[in-house]
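I have placed the structure first, in the form of structure tokens, so that the comments after it can refer back to it.
In this note's numbering, the protein residues as written are 1 to 252.
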């Protein structure tokens, strides 16, 4: 049995990951706003710190892996909170618990195949500067789409920037970039007056001919957590039915 801490396990991708890991006999402690073992508001720095302290108590004997699934989508009404939850709620959680990871530990972050689409590079740089107040202020003049895609790009770039130092400690860190996955969050976006029609067209264009399922992502995450992925580190892996390759065939 291995011990995992995961943010965002109530619904969708997080719930699928939790169920798969538990079915394999592992312990999964979920950190989330509701239906969680550790309650946290990832938009609030003090709440994040308190939740990390609770997690450190629960995993004082060591931690085998961290999975960050909690996040909000582009239709979320507060763009600053998109940045706080998706980026700082990921990086602070990992950094706050990384020293508890055992040798051979795993970190898997949830990015998005929309990460390359961000049209606000200054917002991404503000997040990577790790000053939350500056990043939130930069988000105030941006669209929800730029804040969402920008936060997911920043997560992926942060992962890449720390991967070598983690690897030297015997820990792998990778990110998964889902495309359209049928979850309550994506359904809310599909029903949104601003983004709904674009989402429906987006889904219809998936080369694989179907939307993704939470289990598609969970299966990849389970692999990245396993011993079979011990030489995979610093990778951003797309789970999107071929969408990113279709949109960006000349880029890797």
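Glycine included, every Cβ here is placed at the ideal spot set by N, Cα and C.
Cβ shell of residue i (< 7 Å), same chain only, five flanking positions each side left out
| i | result |
| --- | --- |
| residue 114 | 148, 149, 152 |
| residue 223 | 229 |
| residue 71 | 8, 85, 86, 110 |
| residue 136 | 80, 83, 84 |
| residue 34 | 10 |
| residue 25 | 1 |
| residue 213 | 181, 182 |
Residue from the options with nearest C-alpha to residue i
| i | options | result |
| --- | --- | --- |
| residue 206 | 128, 241, 145 | 241 |
| residue 81 | 41, 13, 187, 101 | 41 |
| residue 39 | 101, 6, 202 | 6 |
| residue 238 | 93, 61, 220 | 220 |
| residue 75 | 170, 120, 146 | 146 |
| residue 73 | 62, 112, 108, 95 | 112 |
| residue 13 | 227, 1, 69 | 69 |
| residue 99 | 77, 116, 53, 141 | 53 |
| residue 234 | 156, 198, 184 | 156 |
| residue 231 | 171, 188, 195 | 171 |
| residue 90 | 194, 130, 3 | 130 |
| residue 27 | 65, 186, 48, 243 | 65 |
| residue 249 | 78, 36, 116 | 116 |
| residue 78 | 61, 120, 182, 138 | 138 |
| residue 161 | 55, 190, 140, 128 | 128 |
| residue 243 | 132, 154, 179, 165 | 179 |
Boundaries (first-last residue) of the beta strand (DSSP E) holding residue i
| i | result |
| --- | --- |
| residue 244 | It is not in any beta strand (DSSP E) - residue 244 instead sits in the alpha helix (DSSP H) that spans 243 to 247. |
| residue 82 | Premise fails: residue 82 lies in the alpha helix (DSSP H), 79 to 83, not in any beta strand (DSSP E). |
| residue 4 | 3 to 7 |
| residue 27 | 27 to 32 |
Extent of the continuous alpha helix (DSSP H) to which residue i belongs
| i | result |
| --- | --- |
| residue 219 | 214 to 225 |
| residue 160 | 144 to 168 |
| residue 184 | 184 to 190 |
| residue 12 | 12 to 23 |
| residue 126 | 121 to 128 |
| residue 199 | 196 to 204 |
Per DSSP, the bridge partner or partners of residue i
| i | result |
| --- | --- |
| residue 174 | 108 |
| residue 238 | 177 |
| residue 101 | 63 |
Contacts around residue i, its chain only, beta-carbon distance under 6 Å, and the 5 residues preceding and following it disregarded
| i | result |
| --- | --- |
| residue 31 | 7, 38, 40, 51 |
| residue 159 | 109, 173, 175 |
| residue 143 | none |
Same chain, Cβ closer than 8 Å to residue i, five either side skipped, listed in chain order
| i | result |
| --- | --- |
| residue 218 | 13, 16, 17, 19, 20 |
| residue 200 | 190 |
If we require 4 or more residues per run, which alpha helix (DSSP H) segments fall completely within the stretch 35 to 69?
45 to 58
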